[in-house]
Amino acid sequence: MLSVCPHDCPSCCSLLVTVDGGRLTSVTGNPDHPFTQGVICGKVREYAERVHSPLRVLGPLRRVGPKGAGEFTPISWDDAIATIAARWRAIVAAEGAEAILPFSYAGSMGQVQYYAGHPLFHALGASRLDRTICVNTAYAGWRATLGAVTGNDSEAMVGADLVILWGVNAAYSTINVMTLVKQARARGAAVVVVDPYRTPTAQQADLHLMVRPGTDAALALAVMHVLITEARVDRDYIERATLGFERLAEHVKAYPPERVAPIVGLDAETIVRFARRYGASPRTFIRIGIGISRHDNGGMTCRTLACLPALTGAYADPHGGALLSSNAGFGFDYAVLERPDLLSTPPPRIINMIHLGRALTDRDLAPPIRALYVYSSNPAAVCPNQTLVLEGLARDDLFTVVHEQVLTDTAYYADLVLPATTSMEHLDLYRSYGQFTLQLARPVLPPQGQAKSNWEVFQLLARAMGVGQDHYAKSPEALIREFLAKGDETVRGITFEELAARGWVRVNLPRPYTPFARVAPTPSGKVEFYSERLARQGLPALPTYVPLREGPANRELAARYPLQCLVPPNRFFLNSSFSQSALLRRRQGTPTVMIAPPDAGARGILDGDAVTVESPRGAARLTARVTDATRPGVVVIEGIWWHRLHPGGRGVNVLTSDRVTDLGGGPAFHSNLVEVSRAS
Ligand SMILES: Nc1nc2c(c(=O)[nH]1)N[C@H]1C(S)=C(S)[C@@H](COP(=O)(O)OP(=O)(O)OC[C@H]3O[C@@H](n4cnc5c(=O)[nH]c(N)nc54)[C@H](O)[C@@H]3O)O[C@H]1N2
Ligand SMILES: Nc1nc2c(c(=O)[nH]1)N[C@H]1C(S)=C(S)[C@@H](COP(=O)(O)OP(=O)(O)OC[C@H]3O[C@@H](n4cnc5c(=O)[nH]c(N)nc54)[C@H](O)[C@@H]3O)O[C@H]1N2
Ligand SMILES: [Mo]
C-alpha cells in the first residue's frame with residue numbers, strides 16, 4: 001500500500017507499506033517516486049516500531065503525580081473533552097480567551113492535521129502562535145533577494161558541473177539529495193560541502209570548506225569579489241534580471257579573500273580557487289540548508305548566498321541555480337485551512353513560539369497564559385532556553401493539555417494527555433519543502449487504541465465550546481477537495497482521485513523549472529542585490545557580513561565561554577521524534593559532544609569522558625567524543641534527545657538562547673557560546 005512520510009523533512013518520501021494481522025510490518029521507499037527513488041532513511045524504515053511503540057499513548061490520561069513526573073491515570077474521552085471545555089470556559093470568563101495559548105509545530109506535515117486547530121483557536125479568540133522555530137529566518141533572507149521561497153528543482157543538479165551543499169547535512173537531514181549528488185558525480189560533477197564540521201555529507205565531497213560558524217556571508221562576499229574583479233560574471237543575466245549590480249561591485253571591494261580568510265578560517269588561496277571553480281560555469285547548483293540560518297546573522301547569510309547564482313547567471317541554467325526550499329512551488333489558498341475570517345478585529349496578540357518559556361513565566365503578561373494546548377510538537381525538548389520552558393510548564397496554575405502519539409517530555413508536564421493517531425491511521429495531503437510533488441496518504445491501519453487525529457479532537461472541542469461549527473462539520477476529505485480546488489495554476493487539475501490512485505503528482509511547473517531565469521517577484525521584479533525593503537527595516541541594503549552577537553567577536557562572553565557550540569540534527573532522530581525508540585536510541589548511541597583534540601587536551605578530556613557543557617543559559621551532561629571532525633574552537637552536539645534521557649535530566653536546549661535572529665523572528669540555535677569541562 002502507498003503512504004507518505006509525515007515528518008518535518010524536505011524529502012517528504014513516498015512510502016510502500018505492508019500490514020499484516022492489524023500491524024504495520026514493513027515500510028520501504030517507493031521506487032516509482034522521482035525524488036524518493038526507493039530510498040528512505042533509517043528512521044522511517046523502522047516505522048512499525050514507532051506505530052506500535054510501548055510508549056504510544058492509547059487512551060486519554062489525567063495527571064496524578066507532580067508536573068514533570070509522568071504519573072497518570074486513564075480517563076474517558078467524554079471526561080477529557082468535558083474537563084477541557086469547563087476549564088477553558090472558566091479561564092475565558094475570568095481573564096479572556098487570550099489566556100489560552102495553542103502550541104504546535106510540524107509533528108505531522110499533513111496539511112489537514114497541521115492546520116486543524118487554527119480555526120478553533122481563531123474562533124475562540126485565543127492568543128496566536130508565531131511559528132518561527134524552523135524556516136522563518138531563512139525564508140525572510142531568501143525573500144529579500146528573490147521575492148519568493150522557491151528555487152531550481154533539485155533534480156536539475158544531476159546535470160550540473162558543480163554541486164555545492166551549503167549548510168545542509170543531507171546524508172542525515174534529506175537523504176534523497178545524496179542520491180542526486182551521487183548521480184551528478186557519476187556524470188562528472190564536483191561536489192563541495194560548506195559546513196563547520198565534517199559531517200557524513202562532507203565526507204563524501206571532493207572539497208570540504210570547514211568554515212567558522214556564522215561566517216558564510218563573508219565567504220560568499222569574497223567569492224563575489226573574485227567573480228567581479230576577474231570578470232567571471234554573466235553580464236546579460238545581470239542586465240536583464242538583477243538590481244543594484246554597480247553598488248554591489250563597489251561594496252564587495254571591501255571583501256578581498258586575504259581579508260576574509262582569517263574571518264572564515266580558510267586560506268585565501270582556497271577561497272580564490274573555490275570562487276574560480278564557481279565562476280567557471282553557470283551549470284552550478286547550490287543546495288542551501290536551513291542550518292546556516294540558525295545564527296544571529298542567519299537571514300542576511302541566506303540573502304547573501306541567494307545572490308551568487310545571479311552573478312554567474314546560474315539561475316537561468318537548466319542544471320544550475322539554487323534551492324533553499326520548494327515552498328512557493330505549491331500555490332494553495334491557506335485561508336481554506338486556517339480560516340483567518342474567524343479572527344476578531346483587531347486580532348488577538350501573537351506570541352513567538354521560541355519565547356514559550358518567557359510567555360509562561362512573564363509576571364507582567366496581561367492576561368497571563370492560563371491554559372496551554374500542545375499538539376504536534378514537543379516544546380519541552382525542542383524550544384531554546386529549556387530552563388525557562390520547564391519552569392513555565394511546571395507552574396501549578398497552568399492548565400496544560402498535550403495531544404501526542406507517545407509520552408514525550410512535554411506530555412510529562414500535562415494535566416491531560418490525549419492519544420493521537422499516526423499518519424498510518426489518518427487521511428492527509430502532503431506537500432514538500434525540498435521537492436515539487438503533492439501526495440496523499442490514506443489510512444492503512446485503524447486508529448490504535450482510542451487515538452484520534454488532530455482534526456477529530458478539534459471537532460470535539462469546537463462542538464463542546466460551541467464555536468467554528470461550519471468549519472468542523474467538514475470531513476478531512478471534503479477539506480482536501482476544497483483546498484485542491486481553490487489552489488492556483490500550480491495545482492489546477494490535480495484531483496483527489498488522481499492523488500488517491502497514484503499517491504503523488506508533480507505540481508504544474510515547467511521543466512526545467514528556472515523560476516528566476518528572467519524575473520523575480522521582489523518589489524523591483526528583479527533579483528535584488530540592493531534591497532530598498534531591507535534598508536527600510538534598518539538593515540544593510542547590500543549583502544553584508546555581520547559578526548555573530550554570540551560568537552568570538554563578543555570578547556566578554558567568549559572569555560568565559562570560549563567554544564562555539566553547534567546543535568544540528570543527528571541521524572536517527574527527527575528533531576526529538578524517535579527518542580522514544582529503544583532500537584534507534586541504541587543505533588544512535590548516547591548524547592555526545594564532539595570536541596577537537598586540542599580543545600579536549602587543554603581541558604584534560606579524553607574520548608568517552610562524561611563532561612558538562614555550560615552556556616550562559618545552563619548546563620547539560622554529555623559524553624565527549626574527541627575528534628578532528630570538528631575544528632578547534634567549535635564543538636558539536638547532534639540531535640535532540642528527550643531530556644529525561646540525558647544524565648542529569650537536562651537536554652541540549654538548556655544551552656541554547658531564545659534570542660531572535662536578524663530577520664524573521666527565528667531562533668539562533670547555533671550561535672551559542674559554551675565551556676566544556678570534565679564532569680565531577
Ligand atoms: N535525521 C534527521 N533529519 C532531519 C531532522 C532531524 O532532526 N534529523 N530535522 C528535519 C528538520 S525539522 C529540518 S528543518 C531539516 C534541517 O536540515 P538542514 O537544512 O540540513 O539544516 P540543519 O540540519 O539545521 O543544519 C545543516 C548543517 O548546517 C551546518 N551549519 C551550522 N552552522 C553553520 C554555519 O554557520 N555555516 C555553514 N555553512 N553550515 C552551518 C550544521 O553543522 C549542519 O551540518 O532537517 C530535517 N531532517
Ligand atoms: N537543539 C536544537 N533544537 C532544535 C533544532 C535543532 O536543530 N537543534 N531544530 C529545530 C527545528 S528545525 C524544528 S522544526 C523544531 C521541531 O520541533 P517539533 O515540531 O516539536 O518536533 P518533534 O520533536 O519532532 O516533535 C513533534 C511531536 O509531534 C508528535 N506528533 C506527530 N504527529 C502528530 C499528530 O498528527 N498529532 C499530534 N497531536 N502529535 C503528533 C510527535 O510524536 C512528536 O513528539 O525543533 C527545533 N529545535
Ligand atoms: Mo525544522
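Following the working numbering, the numbering of the sequence shown begins with 1 at its first residue and continues without gaps.
Beta carbons are placed, not taken as given, at the ideal position from N, Cα and C, and that holds for glycine.
Specify the secondary structure class of residue i as computed by DSSP and reduced to three states.
i	result
TYR413	helix
CYS565	strand
VAL401	strand
ALA624	strand
VAL233	coil
ASN653	helix
MET594	strand
GLN439	strand
GLY141	helix
THR703	Given that the chain is displayed from residue 1 to residue 680, the structure contains no residue 703 and the question cannot be resolved.
PRO547	coil
ALA500	helix
PHE274	helix
GLY72	Looking at the sequence shown, residue 72 is not Gly but Phe. Reduced to three states, the DSSP call for PHE72 is strand.
PRO119	helix
LYS67	coil
GLY147	coil
VAL264	helix
PHE458	helix
VAL135	coil
TYR433	coil
Let me check understanding here. Comparing Cα to Cα, which of the options lies closest to residue i?
i	options	result
GLY538	MET300, GLY608, LEU360, TYR315	MET300
ARG259	VAL226, ARG45, LEU360	VAL226
ARG518	GLU46, VAL191, ILE238	ILE238
LEU719	CYS9, THR199, VAL417, HIS643	Within the shown structure, residues of the chain are numbered from 1 to 680, placing residue 719 beyond reach of any answer.
GLN204	TYR172, ASP409, ARG617, LEU484	TYR172
LEU101	ALA80, ARG131, THR83	ARG131
ILE369	ALA328, PHE72, ILE351	ILE351
ARG349	ASP362, ALA366, ASP470	ALA366
SER53	THR656, ALA610, PRO598, THR422	THR422
ARG284	GLU456, TRP166, ARG212	Rather than Arg, the amino acid found at residue 284 in this sequence is Thr. Taking only the C-alpha atoms, the option nearest THR284 is TRP166.
ARG45	LEU584, GLY589, GLY648, ARG678	LEU584
THR150	PHE436, ASP470, GLN448	PHE436
VAL19	GLU425, ARG506, VAL402, GLY107	GLU425
SER432	ILE40, GLY503, SER326	SER326
THR215	GLY298, PRO200, PHE72	GLY298
PRO256	ALA314, THR514, ALA217, GLU338	ALA217
TYR412	VAL17, GLY65, HIS33, GLY21	GLY65
LEU248	PHE529, GLY601, SER577, GLY589	PHE529
GLN448	VAL51, GLY21, ASP296	VAL51
GLU338	LEU120, THR627, ARG678, PHE578	LEU120
PHE483	VAL417, VAL336, GLN450	VAL336
ALA316	PHE332, TYR373, LEU356, ARG235	ARG235
ALA306	MET109, VAL635, ARG650, GLY141	GLY141
ILE480	GLY468, PHE496, SER615	PHE496
What does DSSP give as the partner residue(s) for residue i in the beta ladder?
i	result
ALA619	GLU614
HIS208	VAL193
PHE285	VAL163, GLY321
THR18	SER26
TYR373	PRO102, VAL401
GLU528	LEU243
ASN352	ASP130
For my contact list, residue i and residue j are in at a C-beta cut-off of 8 Å; report their separation, rounded to the angstrom.
i	j	result
GLY321	ALA156	7 Å
ASN653	ALA381	7 Å
LEU209	LEU162	Actually they are not in contact, since the Cβ atoms of LEU209 and LEU162 sit about 13 Å apart, beyond 8 Å.
VAL527	ALA275	Not quite, the Cβ-Cβ distance comes to about 19 Å (not below 8 Å), so this is no contact.
GLN113	SER376	7 Å
THR312	GLY279	6 Å
Touching by the beta-carbon criterion (3+ pairs, under 8 Å), the segment 23-35 and the segment 552-564: no
How do the segment 630-647 and the segment 565-572 stand: do at least 3 beta-carbon pairs fall below 8 Å, yes or no? Touching, yes.
Does the segment 574-593 come within contact of the segment 532-548, defined as at least 3 CB pairs closer than 8 Å? no
Tell me whether the segment 36-50 and the segment 367-386 touch, counting them as touching only if at least three CB pairs, one residue from each stretch, are closer than 8 Å. No, the segment 36-50 does not touch the segment 367-386.
Assess, as a yes-or-no matter, whether the segment 124-143 is touched by the segment 97-114 under the definition of 3 or more beta carbon pairs within less than 8 Å. yes
Is the segment 648-668 touching the segment 133-147, taking contact as three or more C-beta pairs under 8 Å? Yes, since at least three Cβ pairs between the segment 648-668 and the segment 133-147 fall closer than 8 Å, the two stretches touch.
Would the segment 597-614 and the segment 68-76 be scored as touching if the rule is three or more Cβ pairs under 8 Å? no
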